[in-house]
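Below is one structure, written out as structure tokens; the observations come after it.
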Amino acid sequence: PRAAPLLPRTTRHFAKKAKGGKQPSGSHAVPVASATGDSDADGAVQALDSTRKGMTGAVLNFTRQLSQMRPGKADAGAFDDLSVQAYGQHVTLSQLAQVAVSGPHSLSVTVYDPSVRKHGVNLEVSFPKMSAETRAELQKAAKKQAELARQHVRRVRQEAMNQAKKLKDDISEDDVKKHTDQIQKLTDDAVDEIGKLLAAKEKDLVAV
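In this note's numbering, each number is its position in the sequence shown, counted from 1, plus 623.
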């Protein structure tokens, strides 16, 4: 699947609530980006950044899960994690050979080292066409991973909303609303990206 983009980052300045619950105005408004970085409003920005990282992590992990569901067609990345014994140590195959797609269902493995190549260890690897049963299993697995990713995003959202409630004594009600709106926007973006990744994988599985 295509690489998942990072969720967009929006800088928001929050005004710290004055004593008595009134929001300061004009020159008395305190921006989040203070010199010390220890204001309560700074905490709102840090909390939002943590939320963004948590949701982005869920999307990226889902992307990795999908990349491991290889639908039977030749994929040059199939051997990315393969380790082999060479020169007295374990190294990845990519350090010893070039892996290239030579056909819809085949890969060629060409060894770099001439001293090894002369022994005829270059390979042609064939991938069997995917059966209907395997296709159905992969589709089911992809949907399961998508739901797990959504659940992770929802947990991050709930934690962020709980933290937002604690900000009501420190920043204005308007800024709390802006903060929760941003949390919801991050949630919607993450869930939407998960849906797009799942749709792309399902299309890929059907096409093979």
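Built from N, CA and C at the ideal position, the CB exists for glycine as well.
Residue i classed as buried or exposed, judged by whether at least 16 other C-beta atoms fall within 10 angstroms
{"i": "K824", "result": "buried"}
{"i": "L705", "result": "exposed"}
{"i": "Q774", "result": "exposed"}
{"i": "E796", "result": "exposed"}
{"i": "V776", "result": "buried"}
{"i": "Q688", "result": "buried"}
{"i": "D804", "result": "exposed"}
{"i": "V799", "result": "buried"}
{"i": "H651", "result": "Note that H651 scores 38 on pLDDT, short of 50, meaning its location in the model is unreliable; the coordinates nonetheless yield the value given after this. With fewer than 16 Cβ atoms within 10 Å of its Cβ, H651 is classed as exposed."}
{"i": "P654", "result": "Only weak support is given to the placement of P654: the predicted model assigns it a pLDDT of 38, under 50, and the value that follows is read from those uncertain coordinates. Result: exposed."}
{"i": "H713", "result": "exposed"}
Residue i and residue j closer than 9 Å at C-beta
{"i": "A723", "j": "S717", "result": "no"}
{"i": "F685", "j": "A764", "result": "no"}
{"i": "R780", "j": "M692", "result": "no"}
{"i": "L719", "j": "Y735", "result": "yes"}
{"i": "T715", "j": "D703", "result": "yes"}
{"i": "A813", "j": "A667", "result": "no"}
{"i": "I593", "j": "A783", "result": "Any property of residue 593 remains undetermined from this structure, which presents the chain solely from 624 to 831."}
{"i": "L809", "j": "L671", "result": "yes"}
Local conformation of residue i per DSSP, three classes
{"i": "H802", "result": "helix"}
{"i": "L771", "result": "helix"}
{"i": "Q708", "result": "strand"}
{"i": "S729", "result": "strand"}
{"i": "K824", "result": "helix"}
{"i": "S717", "result": "helix"}
{"i": "S749", "result": "strand"}
{"i": "A723", "result": "strand"}
Proximity winner among the options, relative to residue i (alpha-carbon distances)
{"i": "R778", "options": "D665, Q762, K676 and A667", "result": "K676"}
{"i": "P751", "options": "L671, H728 and R758", "result": "H728"}
{"i": "Q786", "options": "I806, V682 and D797", "result": "I806"}
{"i": "K819", "options": "H713, K766, F702 and E747", "result": "K766"}
{"i": "K826", "options": "L761, R687 and Q768", "result": "L761"}
{"i": "G726", "options": "D811, K696, A709 and P737", "result": "K696"}
{"i": "L828", "options": "K801, M753, V799 and D811", "result": "M753"}
{"i": "A701", "options": "A709, T757, D815 and S690", "result": "S690"}
{"i": "Q669", "options": "L821, L790, D815 and A822", "result": "L790"}
{"i": "Q721", "options": "G711, V748, Q712 and K801", "result": "V748"}
{"i": "R758", "options": "H713, G711 and A830", "result": "A830"}
{"i": "T674", "options": "H802, A822, D815 and L821", "result": "H802"}
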